[in-house]
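S.K.:
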Amino acid sequence: MQTVYCMHRCCTVTYCPLVLSWAITVHKFQGFEAGFGKDDMVKYIVADMNNLDWEKSNPGTAYVVTSRGKTIGTVTPDNPYPLESNIFFDGQIGPTRFTHAAYKNNGEECLQVEKRDNWARYLHQKSESTKSSYDENTLSTMHDNNESIIHHPLTANQSELQSKIMNILTEPNEKWKQLRNNYII
Ligand SMILES: [Zn+2]
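Structure below.
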């Protein structure tokens, strides 16, 4: 809140200055960051951390959001929450958010964590089997192709991109559709 005196200093007005803000899920904010540089589109994040139950069904989201801010400012005993921070929190935030999120109260691993680990193992196996089933030259060609795909736009324009995305959504690859049930809820 800010209080301003009149020119004679006999009366005051107290008001709450508002700043236009946007809400976005942390899933969508992956790859973005907040900073004070001239190229930073976002200066401040106010993260609603929800609670440990949220973390258990969305493992890793606390890590994603805490790593989006470029600085937390200079924290001192007198100023534990400096304004020169790119990130502020609401909800349950504490060490358990990072250390206890993978397990249920009964000690069992959370289903989402189990599925995520299965997915990582599957990708690792795939990469190992690819490496062992092709010779050096083919691997090097595949590597170059991947590099060129990464560094060139997949589509010529926005409308082609949109129609490609619509195709993926309306006609998903059948094999992948079956497979994803094992890894994603
Ligand atoms: Zn006055």
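My numbering puts the sequence shown at residues 37 to 221. Positions of the beta carbon are idealized from the N, C-alpha and C atoms, including for glycine.
#1: Less than 8 Å between the CB atoms is what I'm expecting for Lys79 and Ala70, so what's the real figure, rounded?
#2: Mark Glu207 as exposed unless 16 or more other C-beta atoms lie within 10 angstroms of its C-beta, in which case mark it buried.
#3: Using the three-state DSSP reduction, which class does Ala156 fall into: helix, strand or coil?
#4: Ordered along the chain, which non-local residues of its own chain (more than five positions away) have a Cβ less than 6 Å from that of Ile60?
#5: Please tell me whether Pro118 and Thr107 are closer than 7 Å, where the distance is taken between their beta carbons.
#6: For Ala70, list the residues DSSP reports as bridge partners.
#7: Does the beta-carbon of His136, which I'm using as the reference point, lie nearer than 6 Å to any heavy atom of ligand 1?
#8: When you compare only the Cα positions, how much space is there between Arg104 and Cys46?
#9: For Gln38, list the residues DSSP reports as bridge partners.
#10: What residue range is occupied by the uninterrupted alpha helix (DSSP H) comprising Ile123?
#11: Please decide whether Ser121 counts as near chain D, where near means a Cβ-Cβ distance under 7 Å.
#12: May I ask you to check if the CB of His44 is nearer than 6 Å to at least one heavy atom of ligand 1?
M.R.: Based on what the coordinates show:
#1: The pair is a contact, with the Cβ atoms about 6 Å apart (cut-off 8 Å).
#2: By the neighbour-count rule (16 or more Cβ atoms within 10 Å), Glu207 is not buried but exposed.
#3: When DSSP states are grouped into helix, strand and coil, Ala156 belongs to the helix group.
#4: Closer than 6 Å at Cβ, skipping near neighbours: no residue.
#5: With respect to the 7 Å criterion, Pro118 and Thr107 are not classified as neighbours on the basis of their beta carbons.
#6: Ala70 is bridged to Val78, Gly105.
#7: Taking 6 Å as the cut-off, one finds no heavy atom of ligand 1 near enough to the beta carbon of His136.
#8: C-alpha of Arg104 to C-alpha of Cys46: approximately 45 Å in a straight line.
#9: In DSSP, Gln38 forms a bridge with Tyr51.
#10: First-last for Ile123: 123-126, but that is the beta strand (DSSP E), not the alpha helix (DSSP H).
#11: Here chain D cannot be found, since the structure has a single protein chain.
#12: A distance criterion of 6 Å places the beta-carbon of His44 in contact range of ligand 1, judged by its closest non-hydrogen atom.
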